[in-house]
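According to this note's numbering, the sequence shown is numbered sequentially starting from 15. Note that beta-carbon positions come from the ideal geometry of N, C-alpha and C, so glycine has one too. The next block holds one structure in the form of structure tokens; read it before the comments.
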Amino acid sequence: MVACKNCGCELKEGAKFCPECGTEVIVEKFSSENQFCPNCGYKMPKGLKFCPECGSPTSNAPQVNNTVNNTGNSVVNKEKDPTLAAILSFLIVGLGQIYLGLTKKGILLFIGAIISGFLMLILIGFVTWLLIWGYAIYDAHNSAKKMNNGIAVEDTIDINNLF
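What follows is the structure in structure tokens.
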């Protein structure tokens, strides 16, 4: 739908004047050097990712996944790099999950690694720390891949999802 360039009112197809402000609708021929905003109809240079008039994404804008959070608000999720998430969890246990927005899971894994560090005094901590560290790397990578494919990932540790 095209909008009036003067007042922003939505215009019917083929309208010659705006019904709100009376501004004449000027139909400009499309040039290979120009494009029109799909939201407001603003004529702009070709190749822009967002309309300078209304801020809407154009066909050149990067695609993002939109989800709705618990409050009912729309949340824009940019694609996350699975390799970066795994590397972050490799460096600091749980950091990859925090990068993905899975804060509770990241904090739980970090606390588990700290507890395992104390358990190293009894030798069992070496095994538990390696298990938590390996799981954090694996989970960060797989969670990022799932999120990028539009699959909802819960902010909890799910042992059943391992196999």
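Using 8 Å as the threshold, is the C-beta distance between residue i and residue j below it?
i, j, result
"residue 158", "residue 102", "no"
"residue 38", "residue 56", "no"
"residue 110", "residue 154", "yes"
"residue 131", "residue 121", "no"
"residue 123", "residue 146", "yes"
"residue 119", "residue 72", "no"
"residue 25", "residue 35", "no"
"residue 93", "residue 156", "no"
"residue 138", "residue 104", "no"
"residue 60", "residue 48", "yes"
Should residue i go down as buried or exposed, given a rule of 16 or more other Cβ atoms within 10 Å for buried?
i, result
"residue 164", "exposed"
"residue 144", "exposed"
"residue 134", "exposed"
"residue 51", "buried"
"residue 128", "exposed"
"residue 178", "No answer is possible for residue 178: it lies beyond the span of the chain, which begins at 15 and ends at 177."
"residue 28", "exposed"
"residue 112", "buried"
"residue 96", "buried"
"residue 22", "exposed"
"residue 126", "buried"
Looking at the unbroken beta strand (DSSP E) that takes in residue i, where does it start and where does it end?
i, result
"residue 50", "48 to 50"
"residue 1", "Residue coverage of the chain in this structure runs from 15 to 177, which leaves residue 1 outside it and unanswerable."
Using DSSP bridges, identify the partner residues of residue i.
i, result
"residue 64", "71"
"residue 31", "38"
"residue 158", "Bridge partners of residue 158: none, in fact."
"residue 17", "24"
So the alpha helix (DSSP H) residue i belongs to, where does it begin and stop?
i, result
"residue 117", "117 to 133"
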